[in-house]
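Student: Under the working numbering, the first residue of the sequence shown is numbered 514, with each subsequent residue one higher. Take this structure first; my questions come after.
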Amino acid sequence: MRTIYLILSVALLSSCSKKTTPGGDGECTKYAIVPVSRIEHVNDSIKVYFHVMSGCGQFNKFIEKDSAGAHIVTVQAIYKGCICTMDIPERSATYKYIPTKPGTSFLTFRGEDGNDITETIDVR
514 MRTIYLILSV ALLSSCSKKT TPGGDGECTK YAIVPVSRIE HVNDSIKVYF
564 HVMSGCGQFN KFIEKDSAGA HIVTVQAIYK GCICTMDIPE RSATYKYIPT
614 KPGTSFLTFR GEDGNDITET IDVR
């Protein structure tokens with residue numbers, strides 16, 4: 514009887530592993546588009562403020578698209594972690610616009626519920 518318990522114990526203990534599976538590290542990583550709440554000019558760049566949906570949320574990247582004469586900027590957040598605080602903190606990231614030609618450029622930052630923020634930049 515002891516032999517059976519010993520074999521069963523060894524089998525159970527050897528089946529447990531702290532190693533993660535190859536796709537396991539991304540299980541608690543998510544990406545989301547978040548609305549811009551406000552912007553402010555800082556020298557030659559624009560400081561972009563946005564809210565994330567938990568304490569795990571951070572800035573990931575700007576997604577840029579040109580459409581009908583406007584340069585549309587969207588913020589993508591990254592959420593890393595399985596256990597996060599349940600708050601809605603404001604984060605910021607610095608956006609640097611590099612114009613391709615002289616003239617007037619319109620930057621549109623995607624806001625919440627269609628309330629986009631548009632900035633006009635004159636390039637000489």
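Virtual Cβ for every residue (Gly too), placed ideally from N, Cα, C. These numbers were taken from a predicted model, which means no experiment stands behind them.
Kindly provide the ranges of any beta strand (DSSP E) runs that are 3 or more residues long and lie completely inside the region 572 to 604, ordered along the chain.
Tutor: Listed in chain order, the complete beta strand (DSSP E) runs (minimum 3 residues) inside the region 572 to 604 are 583 to 593.
Student: Evaluate the contact criterion for the region 589 to 596 versus the region 550 to 562: three or more CB pairs, one atom per stretch, below 8 Å.
Tutor: The region 589 to 596 is not in contact with the region 550 to 562.
Student: Taking only three categories from DSSP, how would you classify aspartate 635?
Tutor: Taking the first residue of the sequence shown as 1, we reach residue 635 at position 122. In this structure, aspartate 635 counts as strand in the three-state DSSP scheme.
Student: Using a Cβ-Cβ cutoff of less than 8 Å, which residues in the same chain neighbour arginine 604 once the five nearest sequence positions on both sides are dropped?
Tutor: Locating residue 604 in the sequence shown gives position 91, counting from the first residue. Around arginine 604: Tyr562, Phe563, His564, Val565, Gly570, Gln571, Phe572, Ala590.
Student: Taking valine 549 as the reference, which of Ile634, Gly616, Leu620, Thr613 has the closest Cα?
Tutor: Position 36 of the sequence shown, counting from 1, holds the residue named residue 549. The shortest Cα separation from valine 549 among Ile634, Gly616, Leu620, Thr613 belongs to Leu620.
Student: Suppose the cutoff is 6 Å on Cβ atoms and the five residues either side in sequence are ignored; what does the same chain contact list for alanine 606 look like?
Tutor: On the sequence shown, residue 606 is found 93 positions in, with the first residue counted as 1. Taken in chain order, the residues that qualify are Val561, Phe572.
Student: On the three-state DSSP scale, how would you describe glutamate 540?
Tutor: Position 27 of the sequence shown, counting from 1, holds the residue named residue 540. Note: glutamate 540 maps to coil in three-state DSSP.
Student: Would histidine 584 be called buried (16 or more neighbouring beta carbons within 10 Å of its own) or exposed?
Tutor: Residue 584 sits at position 71 when you count from the first residue of the sequence shown. Buried is the call here.
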